[in-house]
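Written out below as structure tokens is the structure these notes cover.
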Amino acid sequence: MLLSSLGITILMLPLQLALTQPLLAQSLPSTREDRLNGLLDQGRDLVGAGQVAEAIAVYREAAQLAPDNARIFSAIGFLEARQGNFEAAIEAYQQAIALEGNNPDFFYALGFSKANLQDYAGAAAAYRQAIQLRRNDVESYLGLGIVLSRLGDYDGAIAAYRQVLAANPNNSRLYESIGSAYLQEQRYEEARQALTRAAELEPRRSTIQLNLGVALLNLGDIEAGMAALKRASELEPRNGLIHLQIGDVYRAQGNLEQAQAQYERAITVEPGLKEAYIELGELYLEAQDYLRAIVTYRKLVQLLPEDPDARFQLAVALQGRDRIREALSAYEQARDLYQQQNNAEGVQKAEDAIEELN
14 MLLSSLGITI
24 LMLPLQLALT
34 QPLLAQSLPS
44 TREDRLNGLL
54 DQGRDLVGAG
64 QVAEAIAVYR
74 EAAQLAPDNA
84 RIFSAIGFLE
94 ARQGNFEAAI
104 EAYQQAIALE
114 GNNPDFFYAL
124 GFSKANLQDY
134 AGAAAAYRQA
144 IQLRRNDVES
154 YLGLGIVLSR
164 LGDYDGAIAA
174 YRQVLAANPN
184 NSRLYESIGS
194 AYLQEQRYEE
204 ARQALTRAAE
214 LEPRRSTIQL
224 NLGVALLNLG
234 DIEAGMAALK
244 RASELEPRNG
254 LIHLQIGDVY
264 RAQGNLEQAQ
274 AQYERAITVE
284 PGLKEAYIEL
294 GELYLEAQDY
304 LRAIVTYRKL
314 VQLLPEDPDA
324 RFQLAVALQG
334 RDRIREALSA
344 YEQARDLYQQ
354 QNNAEGVQKA
364 EDAIEELN
């Protein structure tokens with residue numbers, strides 16, 4: 014039974030990416046200095062009030078008054094990243110680095126921003142530079158390992174994590190990251206060992222329990238694997254991915270009723286979880302519950318408007334309810350999308366279905 018791991022996401026703003034407050038001006042003419050310090054104070058107040066866009070504008074004005082102040086550009090980069098404007102964040106951090114090239118925090122933040130634009134090679138280079146400037150920096154090694162994993166270099170990722178493990182033997186995130194990388198390589202026993210240690214250090218972290226469950230299930234220990242997955246769902250009941258994973262286990266075991274319940278729970282807590290709709294739709298079709306299948310696939314089409322498979326399955330469900338005109342339309346839409354994607358097999362499948370209805 015091969016199950017996927019949740020892994021570690023880099024698309025969240027980590028707590029470790031911190032705002033470095035710009036220093037007050039002390040070497041400018043008094044009038045200009047007063048103006049700059051007033052802007053910096055205003056920027057801090059706006060950040061504190063959650064008015065991020067306004068704070069960015071104020072800091073950009075401050076940067077014009079003090080173009081040699083690296084920390085102003087760093088603050089801009091942080092706030093742009095917080096807004097999801099990673100290209101602007103990269104530009105700001107590069108300006109900060111040009112002014113203060115020995116600051117590891119700037120390189121770490123640059124790596125984070127590049128990773129969020131899927132420039133994993135560029136992110137790895139930035140993280141490595143941060144490590145050169147600050148040895149044994151756990152956050153930079155974690156960042157490096159994550160982007161190396163995204164590049165498929167799992168051995169490199171594991172080596173990065175182990176580089177700082179000796180100096181940080183009680184860091185659960187390092188063990189979790191090592192375990193996740195081993196899962197990607199399907200080295201399940203090594204994954205189990207690392208994740209077991211992570212769970213000992215941080216027993217209430219749901220992602221550790223989830224990945225530990227995956228490792229155990231793939232080692233054939235169904236009872237312990239399911240127990241870990243259930244612990245994960247208890248720790249984080251509103252995490253749809255956990256319910257999706259549990260549903261996959263039940264489905265692999267042939268327990269379709271429990272699988273359906275878990276998939277339904279997954280989309281209840283995370284209405285945008287596409288994978289759960291895919292699995293749930295298949296179960297409804299297998300049970301010839303066409304009405305529910307129609308509802309499920311309509312939602313999936315909304316989430317994946319360019320996915321021909323979603324439209325094809327919607328057509329199958331509509332055909333099951335004898336809604337022939339709607340089914341034909343959905344088959345035709347699926348065929349057109351298959352054509353756009355140069356999927357000859359899909360085109361033929363859709364045309365065969367259309368011919369059958371005509």
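Just so we're aligned: the sequence shown equals residues 14 to 371 in my numbering.
Ideal Cβ placement from N, Cα and C applies to all residues, glycine included.
- Just so you know, the alpha carbons of Val329 and Asp261 end up roughly 23 Å apart.
- A Cβ-Cβ separation of about 6 Å places Phe119 in contact with Ser87 under the 8 Å criterion.
- Just so you know, the alpha carbons of Ala240 and Thr309 end up roughly 29 Å apart.
- Relative to Gln271, the option among Val360, Thr209, His256 and Pro284 whose CA is nearest is His256.
- No beta strand (DSSP E) of 3 residues or more sits fully in the stretch 60 to 111.
- Cα atoms of Gln346 and Pro321: separation of roughly 7 Å, rounded to the nearest angstrom.
- Per DSSP, Glu249 lies in no alpha helix (DSSP H) and is assigned neither H nor E.
- Scanning the stretch 294 to 350 for uninterrupted beta strand (DSSP E) segments of 3 residues or longer gives nothing; none is fully contained.
- For Pro117, the three-state secondary structure derived from DSSP is helix.
- The C-beta distance from Gln275 to Leu248 rounds to 16 Å, too long to meet the 8 Å contact threshold.
- Residue range Ala357 to Leu370 is occupied by the alpha helix (DSSP H) that includes Glu369.
- In the DSSP assignment, Leu146 falls within the unbroken alpha helix (DSSP H) covering Tyr133 to Leu146.
- Between Leu78 and Leu59, the gap from beta carbon to beta carbon reaches 7 Å or more.
- With respect to Val71, Arg95 sits apart: the two C-beta atoms are not nearer than 7 Å.
- Between Ala204 and Tyr188, the gap from beta carbon to beta carbon reaches 7 Å or more.
- Just so you know, the alpha carbons of Gln301 and Glu358 end up roughly 25 Å apart.
- Taking 7 Å as the cut-off, the beta carbon of Gly158 is found no closer than this to the beta carbon of Ala139.
- Boundaries of the alpha helix (DSSP H) around Asn231: Ser219 to Asn231.
- By the Cβ-count criterion, Gln199 is exposed, with fewer than 16 other Cβ atoms from all chains shown falling within 10 Å of its own Cβ.
- Under the three-state reduction of DSSP, Gln197 is assigned to helix.
- One alpha carbon belongs to Leu269, the other to Ala289, and they sit about 14 Å apart.
- According to the DSSP assignment, Glu283 belongs to no alpha helix (DSSP H), since it is labelled neither H nor E.
- Collapsing the DSSP output to three states places Asp54 in a helix.
- Collapsing the DSSP output to three states places Leu130 in coil.
- Distance from the CA of Ile171 to the CA of Ala211, rounded to the nearest whole angstrom, comes to 15 Å.
- Around the CB of Glu319, fewer than 16 other CB atoms lie within 10 Å, so the residue is classed as exposed.
- Less than 7 Å divides the Cβ of Leu214 from the Cβ of Ser185.
- Around the beta carbon of Arg84, a 10 Å sphere encloses 16 or more other beta carbons of the protein chains shown; the residue is thus reported as buried.
- Taking all protein chains in view, the Cβ of Ile110 is crowded by 16 or more other Cβ atoms within 10 Å, so the residue is classified as buried.
- Here Ala136 has Gly124, Lys127, Ala128 and Val160 as same chain residues with Cβ atoms under 6 Å from its own Cβ, once five neighbours each way along the sequence are excluded.
- Across the set Ala366, Asp349 and Tyr351, the C-alpha of Ala366 shows the shortest separation from the C-alpha of Ile337.
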